[in-house]
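Take a look at the structure below.
Residue numbers (the working numbering): 1181 to 2092.
Printed below as a string of structure tokens:
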């Protein structure tokens, strides 16, 4: 028998025996209301389960001053690192998307639920973050949320795939009576980082007295983007700007451009500036070469701290009582999120560019050539009798005939931008009832997410070649809208993800044990998942120069059966057993289990612990028909055994194709937790939870360089051009990188929470709370047989995150003071070194990202009838975030810090 099956079979045996247990006569009826807590399907009276769960309440959300779930959860010590944010980059595959990551394990290891049911994944591919499974939380408005429960342990035995690091369950409002209008705004005092929000909600029907409740709401939000040119000193421009050429005018791809010799796609020699370059942009070639070139400030034109974004959402819920025990419910969430990213105008140089079409065929552009006959070529009228002389400093070049030049040029008359749009429609119909001692809940879920990305300012290969041949595009001149549209047509990538499911779950008491009722929960689920992503036809045909492609199409059926047993085997001892079996139509079966226990040591102390197995099914984009085309640079050691700047094969830019693999297995995980719950004195709570996660079979792909270096291991994975020399291989044009079950990792640490509450005269209340997470180890192995590397304390892996808060409530007033702390870590990975710019400048001390501590304050007043006012001031000391040397444009690692500085959030709500 396989050892890893034994815990599951033991759990199954316990569940089978429990199914035959007879209820004892005269068992007492518990009059205390039972509720469902994340991490269990069985209603309970005690909110502290064997599994650690923390709760962010509605009051916590309001006092935070956050404007989105993404922003809110990045303040939580257990979440943040490894997720995606939607603020600063539109160039990635997942532009405009925000996701949640627990334990720094990435969004693919964190399951996101809404009211206990799954979300459809975002309809986009991002092989660089989240391993292609992304649950986009941008679709959910904060105004609709009642609370958020964070289960900080593996829970695949109850929720299935993706719940390896834990679960974030977003609980939306269940009912509402009345009418509400709420307005909110936040910004810095200098006017930057503005966000405005408006919410309206109305509901009627008293569910307890009338037997029904219906409510609906509308939420609208607008965020204004901020470029780094508007606020260069959010990270110290005076220090880091010179080190990293931040906001420097240094790009030779400029307007109206620079002329170079042309050599069939290889780098050329500078021959002069095109006429019309502004004097302030005529700068020396380098520190050692005084020849003037026309240059361009790329950072100022394209880099942003945050992007423009608009959100619109409607949400509604209706509850009907049928008799005394049956309730029917319907809930709807529909939203649209549009994010606009600022891009630099397109540019090209005289050098070769390689990419591919959707079929994987290589496409080449041999560099931007200004033909000798083009009207903007300075040699177009040159003859032997009337040669053209060009002077660059002390060098003189004479042309006796029209000559083709390589051109480094910025198409500043072509506006470039990326607009990402996510449309979500989520419908849930559910029913709850009681029958023959069972508490039953059934539901139908249908969630569709459509994503589109509209890109302007991307150059068309055919359009540019046609413009060059006819001379219709004037370099440095005025061009008609028709010419511009032909050179850079707008392209749109579209995706659609859909999840439809039916589920039925129930729980009941089976018997009276020494410690209380033996409770059994059973459930089943049928789910249909589909995913498609289509690149624009021009992009798919390879007509957009240098444009990456992501395409996918797949669907699958999932069936699951699961069971949970709560067994108080002895007085003060609660045990939890759970088992889940799943069948995926594409990759196969999965069996996961959980064993948990909580033992009350005394009236003021208890211990708890869990062991759970988990899994992540390969995403549809990883096992179905799909491919992502990106670009990278490799050293071809067969043609370049020794690095040389004169050999293009030593640094060759190629197309990198990330391919699906139908033979993938699921990722697997084992999670352990051990906790101590204490109430050492009245009104004081202390919780300590140690956790450890082992993850194996992580789906990843080798780097392009690794595939090239191990070419013989992967036949056909290195695609070469035909060779002119029979004794040499052809040049590499493309590398195929297939998803594989490669990596493994472990991580462990300690979570801690403590709070103390004072009750004062006049109904005043004070609460002091402290919480945080201390990671003790974080090891990774990229492939079996390779070294196991400790990554804790390196890039993206701080050891400590803490939060300390003091709140006071008295009458109509309330106030909260919160301190936040994120520990230091090195600004490079464990397998790399300090940034070269810092090493050369003798500032390796800057490779350590310093701790970041901030203080927030909020004050609320509700002394007027129906009116509630709240003000939050974030980052009171205007503390600047630590500099991130890997983010040389913005200088901020947005998964750990933000550029806002001191900013004010105001909210006013009126209920009538």
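Just so it is clear, CB atoms sit at the ideal spot from N, CA and C, and this is done for glycine as well.
Distances from the CA of residue 1296 to each of 1256, 1289 and 1343 were compared; the closest alpha carbon is that of 1343. Taking residue 1657 as reference, the option from 1948, 1592 and 1289 with the minimal CA-CA separation is 1592.
Of all alpha-carbon atoms in 1580, 1753, 2026 and 1817, the one lying nearest the alpha-carbon of residue 1563 is that of 1580. Within 10 angstroms of the beta-carbon of residue 1325 lie 16 or more other beta-carbons, which makes it buried. Following the DSSP letters along the chain, one finds residue 1904 in no beta strand (DSSP E), marked with neither H nor E. For residue 1670, the CB contacts under 6 Å within the same chain, skipping 5 residues up- and downstream, are 1636 in chain order.
Between residue 1842 and residue 1732 a beta carbon distance of about 13 Å is seen, past the 8 Å cut, so the two are scored as non-contacting.
Under the DSSP assignment, residue 1911 falls outside any beta strand (DSSP E); it carries neither an H nor an E label. Between residue 1399 and residue 1510, the C-beta gap is not smaller than 8 Å, which leaves the two residues out of contact. Contiguous alpha helix (DSSP H) elements confined to the region 1677–1742 occur at 1717–1720, taking only those with 4 or more residues.
The beta carbons of residue 1531 and residue 1547 sit closer together than 8 Å. Across the structure, residue 1751 and residue 1777 are spaced so that their CA atoms are roughly 13 Å apart.
One Cα belongs to residue 2000, the other to residue 2054, and the distance between them is close to 10 Å.
Along the length of the region 1303–1347, whole alpha helix (DSSP H) runs at least 4 residues long occupy 1336–1339, reported in chain order.
Taking each of 1714, 1796 and 1575 in turn and checking the Cα distance to residue 1286, the smallest one comes out for 1796. Taking C-beta atoms as the reference points, residue 1442 and residue 1552 fail to come closer than 8 Å. Runs of the beta strand (DSSP E) spanning 3 or more residues and lying entirely within the region 1579–1650 occur at 1585–1590, 1597–1615 and 1618–1636, in chain order. Residue 1599 and residue 2075 have their alpha carbons spaced roughly 22 Å apart.
Membership of residue 1921 in the beta strand (DSSP E) is indicated by the continuous run 1920–1939.
Residue range 2032–2041 is occupied by the beta strand (DSSP E) that includes residue 2035. For residue 1666, there is no enclosing beta strand (DSSP E); the enclosing alpha helix (DSSP H) has its first and last residue at 1661–1667.
In its chain, beyond the 5 residues on either side, 1431, 1434 and 1590 have a beta carbon closer than 6 Å to the beta carbon of residue 1476. The residue among 2025, 1990 and 1994 with its C-alpha nearest the C-alpha of residue 2005 is 2025.
With at least 16 other beta carbons inside 10 angstroms of its own, residue 1877 counts as buried.
Cβ contact annotation for residue 1246 (same chain, cutoff 6 Å, sequence separation greater than five): 1252, in chain order. Counted as a single uninterrupted DSSP element, the stretch harbouring residue 1464 is not any alpha helix (DSSP H) but the beta strand (DSSP E) occupying residues 1462–1466. In the DSSP assignment, residue 1533 is bridged to 1545. Between residue 1823 and residue 1915, the C-beta spacing is not below 8 Å. Residue 2051 holds the alpha-carbon nearest to the alpha-carbon of residue 2085 among 2051, 2059, 1826 and 1239. The criterion of a C-beta distance shorter than 8 Å is satisfied by residue 1368 and residue 2080. For residue 2066, the three-state secondary structure derived from DSSP is coil.
Put simply, of 1798, 1722, 1277 and 1649 the residue whose alpha carbon is nearest the alpha carbon of residue 1770 is 1798. By the C-beta density criterion, residue 2070 is buried, having at least 16 other C-beta atoms within 10 angstroms.
Within a 10 Å sphere around the beta-carbon of residue 1871 sit 16 or more other beta-carbons, which makes this residue buried. Each residue's CA atom was taken as its position, placing residue 1451 and residue 2030 some 46 Å apart.
For residue 1293, the enclosing beta strand (DSSP E) begins and ends at 1290–1294.
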